[in-house]
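Asker:
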Amino acid sequence: MTNIKNAVSITQGKRRPFEAILKMLIIVCSALTVLIFLSIASYVFIKGIPSISWQFLSTKPSVLRGTIGILPSIINTLYIIVITILIVTPIGIGAAIYLNEYSKKGMLTKAIEFTTETLSGIPSIIYGLFGAIFFGETLRLGYSILTGALTLSIMVLPIIVRTTQEALKTVPYSYREGALGIGAAKWYMIRTIILPSSIPGIVTAVILSIGRIVAESAALIFTAGIATSLPKGLFSHIFKSGSTLSVELYQYAANRGDNNTAFGIAVVLIIVVLIINLLTKLISKKLGGGNA
Amino acid sequence: MTNLDGGIVLNQDKKSFSIIGSTKTKSSVERVMMMIFVACGLTAVLAVVAITAYMLISGVPAVGKVGLFHFLFDTSWHPTAKNPQFGILSMILTSIVGTFGAILVGVPIGLLTAIFLAEIAPKKLGNAVRPAVELLAGIPSVIYGLVGMIVIVPFIGRMEIQLFGTDPAHTFTGGANLFSGILVLAIMILPTVINVSETSLRAVPNEYKEASLALGATPVTTIFKIMIPAARSGIATSIVLGIGRAIGEAMAIIMVSGNAVNLPNLWNSVRFLTTGIVSEMSYASGLHRQVLFSIGLILFIFIFIINIVLNAILKKGGEKND
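Chains as they are written, first to last, in my numbering: chain A, 11 to 302; chain B, 2 to 323.
#1: CA-CA distance, Val-104 (chain A) and Gly-188 (chain A)?
#2: For the stretch 44-53 of chain B against the stretch 156-168 of chain A, are there 3 or more C-beta pairs whose distance is under 8 Å?
#3: Is it true that the CB of His-171 (chain B) sits closer than 7 Å to the CB of Phe-180 (chain B)?
#4: Quick one: using the 10 Å Cβ neighbour count with 16 as the cut-off for buried, is Gly-111 (chain B) buried or exposed?
#5: At what residues does the alpha helix (DSSP H) containing Ser-239 (chain B) begin and finish?
#6: Please list, in chain order, the residues of the stretch 289-304 of chain B that have any C-beta partner in chain A closer than 7 Å.
#7: Please classify Tyr-108 (chain A) as buried or exposed, where buried requires at least 16 other C-beta atoms within 10 Å of its C-beta.
#8: So, does the stretch 32-43 of chain B touch the stretch 132-152 of chain A, judging by three or more C-beta pairs under 8 Å?
#9: Using the rule of at least 16 other Cβ atoms within 10 Å of the residue's Cβ for burial, across every protein chain shown, is Ser-29 (chain B) buried or exposed?
#10: Residues of chain B with CB closer than 8 Å to the CB of Thr-126 (chain A), please, in chain order.
#11: Going along the chain, which residues of the stretch 234-266 of chain A sit with their C-beta nearer than 7 Å to a C-beta in chain B?
#12: Can you tell me where the alpha helix (DSSP H) holding Leu-126 (chain B) begins and where it ends?
#13: If you compare alpha carbons, which of A:Cys-39, A:Leu-160, A:Pro-241 and A:Arg-222 is closest to Ile-97 (chain A)?
#14: Beta carbons nearer than 9 Å to chain A: which residues of the stretch 228-260 of chain B have them?
#15: Using a cut-off of 8 Å between C-beta atoms, extract the partners of Glu-135 (chain B) located in chain A.
#16: At the level of alpha carbons, what is the spacing between Ile-229 (chain B) and Met-92 (chain B)?
#17: Which residues does DSSP pair with Gly-259 (chain B) in a beta bridge?
#18: Between the stretch 224-238 of chain B and the stretch 278-297 of chain B, are three or more C-beta pairs nearer than 8 Å?
#19: Residues of chain A with a CB under 7 Å from the CB of Val-148 (chain B): which are they?
#20: Using 8 Å as the threshold, is the stretch 207-224 of chain B in touch with the stretch 133-152 of chain B, meaning 3 or more CB pairs across them?
#21: For Val-197 (chain A), count neighbouring C-beta atoms within 10 Å of its own C-beta (all shown protein chains included) and say buried if the count is 16 or more, exposed if not.
#22: Exposed or buried, which one is Gly-116 (chain A) when buried takes at least 16 other CB atoms within 10 Å?
#23: Do the stretch 221-229 of chain A and the stretch 137-147 of chain A touch if we need at least three Cβ pairs shorter than 8 Å?
#24: Flag Pro-265 (chain B) as yes if its beta-carbon sits less than 7 Å from any beta-carbon of chain A, otherwise no.
#25: Have a look at Ala-212 (chain B) and Ala-218 (chain B) and give me their C-alpha separation to the nearest angstrom.
#26: Give me, in chain order, the residues of the same chain whose beta-carbon lies closer than 7 Å to that of Thr-69 (chain A); leave out the 5 immediate sequence neighbours on both sides.
#27: Between Gly-127 (chain B) and chain D, is the shortest Cβ-Cβ distance under 7 Å, so that the two count as touching?
#28: Just to check my reading of the structure: Thr-95 (chain B) and Pro-265 (chain B) have Cβ atoms closer than 8 Å, yes? What is that Cβ distance to the nearest angstrom?
#29: By the criterion of Cβ-Cβ separation under 8 Å, what are the contact partners of Glu-281 (chain B) in chain A?
#30: Any chance you could list the alpha helix (DSSP H) runs of at least 4 consecutive residues sitting entirely within the stretch 228-288 of chain A, in chain order?
#31: If you run the structure through DSSP and keep just helix, strand and coil, what is His-71 (chain B)?
#32: Thr-173 (chain A) to Ala-215 (chain A), Cα distance in whole Å?
#33: Kindly confirm or deny that the stretch 44-57 of chain A and the stretch 117-124 of chain B touch, where touching means at least three C-beta pairs closer than 8 Å.
#34: CB-CB under 6 Å to Ser-59 (chain B), same chain, minus the five flanking residues each way: which ones, in chain order?
#35: Does DSSP put Ser-312 (chain A) in a helix, a strand or coil?
#36: Using a beta-carbon distance cut-off of less than 8 Å, what residues from the stretch 153-186 of chain A approach chain B?
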């Protein structure tokens, strides 16, 4: 009863300086976030574009001629992407299928979910140490592209599992009931109904993994090493040491003090990140459009 | 395969359609496929077990040789001296202080941006801001390090000269110190904090907001008194994930934080647990190399604790929603 006066005052346009400040802060912080991204991207482009030339992209570094080229790193990056994806995609999809289609609520499911979660929280430097000692020393693969790819396979496994699982979840339940209802066995149903319907999600998972692989450096520097030679054979190169673009960037910036080259590589990396972002957008848009 | 398909494809005239016709082959294929899927699922379990085992096997012996107390509570790190010292207290404290600093700077900015995206921004503006956040998440950490090294470090260096001037007691770092490290880490955790907080703010039932507004609360009051408390478990999750990302980061901060083993002070050149491993791994051998794995083990234990906290928060959040 006594509060009627107060209640009225709420509806009137009372000045609230504290609230105005808070709202200001919200807008300033959001602007700051955008500004940070824009300034990093534009700074990298401005500093890096001058180092980029056809020779920069298409040759290997030569001490004799004093030229710098990043072709070996580009090739190494592609090698690691392809091998990692080849190893991890089947396993990741299999795990997602198990979790989504087969598993019952039990210890095993809980263990798989918990460890997948754990894997995504482990820092890349730990993967680097583990990869160096397990794949490199115990399995005697040494510093090689294969060691790096195997290490990264474990690292990106959670991305594949989780994204694929999300895709599997979006397949309507009626599809499964329909397939099972007309007598299809479970694997037959998964192969012919569930997997084809979730292909866009799986492609997204692969693209996201590629993004993570391209960006990775700490897990690769002690597993795939830092060599920059061009491949002598298609398959023998897998067992050779080779630095990816990110590792090469670190080498130029931190150990060789050549920031111009580092920024040149940074431009290439940022363009890759942009393309990956665009691709995932396109796929999810197509997917959304298809459902609507 | 035709046998398997036989039960389904109706227009095959080889035999009449029968659900039970090929049960035997069907069930054996089914069993094999299920085994394969279980095996795929177990890969993650195996990987975590293997990583844990290997970290313990390669990390524990060196701690035994150095002595647990000296290892954890001594600040003298002279791994290549004649009488080597392996005390990593400085690195442990640097990692803790650096992470805490990054959270202190990054979380408010990230949370407010998340509020903007979830509550305030018009749809079009939100759609312009969100890609920036997504791209921030995708930028490789070495690029953060590189830009930090060229932009943030000199800036902090000028600030250092302004502040300390001709102070003879101060060791000048040229800007490569804990301060720069914290700033770079704060930027790097932004996308994590923003994404997870925004999702949790969006998950708050609309009725809460409507009720609050209907009672006469202003939009800003509604956000801070209703939305944030309702989304607190998601926001807590975002902070814990940010801590995980910050404490595990190596390549970006090695380029900006000076890399000398010192106790954490904003203006000291410092070495984190992660950068301690990276900076010496390439030439370390013998006990020194083993100790680097022990540092990895300490980092792993930190991550494990963070994971347990994360699970506790998620569980609590889940119970609340039930």
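Beta carbons are placed, not taken as given, at the ideal position from N, Cα and C, and that holds for glycine.
Answerer: Straight from the coordinates:
#1: Looking up residue 104 (chain A) in the first sequence gives position 94. Looking up residue 188 (chain A) in the first sequence gives position 178. With the sequence shown as reference, residue 104 (chain A) is identified as Gly, and Val is not the correct amino acid for it. Between Gly-104 (chain A) and Gly-188 (chain A), the C-alpha separation is close to 22 Å.
#2: yes
#3: Along the second sequence, one-based indexing puts residue 180 (chain B) at 179. Along the second sequence, one-based indexing puts residue 171 (chain B) at 170. Not in contact: Phe-180 (chain B) and His-171 (chain B) (Cβ atoms no closer than 7 Å).
#4: The residue labelled residue 111 (chain B) in the question sits at position 110 within the second sequence. With 16 or more Cβ atoms within 10 Å of its Cβ, Gly-111 (chain B) is classed as buried.
#5: Against the second sequence, residue 239 (chain B) aligns to sequence position 238. Where Ser-239 (chain B) is concerned, the enclosing alpha helix (DSSP H) stretches over 233-249.
#6: Phe-294, Gly-297, Leu-300, Phe-301 and Ile-304
#7: Here residue 108 (chain A) refers to the residue found at position 98 of the first sequence. By the neighbour-count rule (16 or more Cβ atoms within 10 Å), Tyr-108 (chain A) is buried.
#8: no
#9: Taking the second sequence and counting its residues from 1, the one referred to as residue 29 (chain B) is at position 28. So Ser-29 (chain B) ends up on the exposed side.
#10: Here residue 126 (chain A) refers to the residue found at position 116 of the first sequence. Within 8 Å Cβ-Cβ: Ala-45.
#11: Ser-256, Leu-259, Tyr-260, Ala-263 and Ala-264
#12: Mapped onto the second sequence, residue 126 (chain B) falls at position 125. That run of the alpha helix (DSSP H) goes 124-139.
#13: Mapped onto the first sequence, residue 97 (chain A) falls at position 87. When each option's Cα is compared against that of Ile-97 (chain A), the closest is A:Leu-160.
#14: Leu-242, Gly-245, Arg-246, Ile-248, Gly-249, Glu-250, Ala-251, Met-252, Ile-255 and Met-256
#15: Along the second sequence, one-based indexing puts residue 135 (chain B) at 134. Going along chain A in sequence order, the residues near Glu-135 (chain B) (Cβ under 8 Å) are Asn-287.
#16: For the purposes of this step, residue 229 (chain B) is taken as residue 228 along the second sequence, with counting starting at 1. For the purposes of this step, residue 92 (chain B) is taken as residue 91 along the second sequence, with counting starting at 1. Roughly 35 Å between the two C-alpha positions.
#17: Sequence index remark: in the second sequence, residue 259 (chain B) carries index 258 (1-based). Answer is B:Val-271, bridged to Gly-259 (chain B).
#18: no
#19: Along the second sequence, read from residue 1 onward, the residue named residue 148 (chain B) stands at position 147. Neighbours of Val-148 (chain B) on chain A, chain order: Ile-50, Tyr-53 and Val-54.
#20: no
#21: On the first sequence, residue 197 (chain A) is found 187 positions in, with the first residue counted as 1. First, the residue type needs correcting, since residue 197 (chain A) is Trp and not Val in the sequence shown. Buried: at least 16 other Cβ atoms inside 10 Å.
#22: In the first sequence, counting from the first residue as 1, residue 116 (chain A) sits at position 106. Flag for Gly-116 (chain A) reads exposed.
#23: yes
#24: The sequence position of residue 265 (chain B) within the second sequence is 264, counting from 1. Judged by the 7 Å Cβ criterion, Pro-265 (chain B) is not in contact with chain A.
#25: By one-based count along the second sequence, residue 212 (chain B) stands at place 211. By one-based count along the second sequence, residue 218 (chain B) stands at place 217. Using only the alpha carbons, I get a separation of about 9 Å.
#26: For this step, residue 69 (chain A) is matched to residue 59 along the first sequence. Counting only Cβ-Cβ distances below 7 Å, and skipping sequence neighbours, we find Thr-77, Gly-79 and Leu-81.
#27: The displayed structure is made up of protein chains A and B, and chain D is not among them.
#28: Here residue 95 (chain B) corresponds to residue number 94 of the second sequence, with the count starting at 1. Here residue 265 (chain B) corresponds to residue number 264 of the second sequence, with the count starting at 1. Sure, about 4 Å apart at Cβ, within 8 Å.
#29: Locating residue 281 (chain B) in the second sequence gives position 280, counting from the first residue. Per Cβ cutoff of 8 Å: no residues; Glu-281 (chain B) is ~11 Å from chain A at best.
#30: 228-231 and 255-260
#31: Mapped onto the second sequence, residue 71 (chain B) falls at position 70. Helix at His-71 (chain B).
#32: As a working note, residue 173 (chain A) is residue 163 in the first sequence. As a working note, residue 215 (chain A) is residue 205 in the first sequence. Roughly 5 Å separates the two Cα atoms.
#33: no
#34: Looking up residue 59 (chain B) in the second sequence gives position 58. These residues qualify, in order along the chain: Phe-294.
#35: Absent from the model: residue 312 (chain A). The displayed extent of chain A is 11 to 302, so no value can be given.
#36: Ile-164, Leu-167, Pro-168 and Val-171
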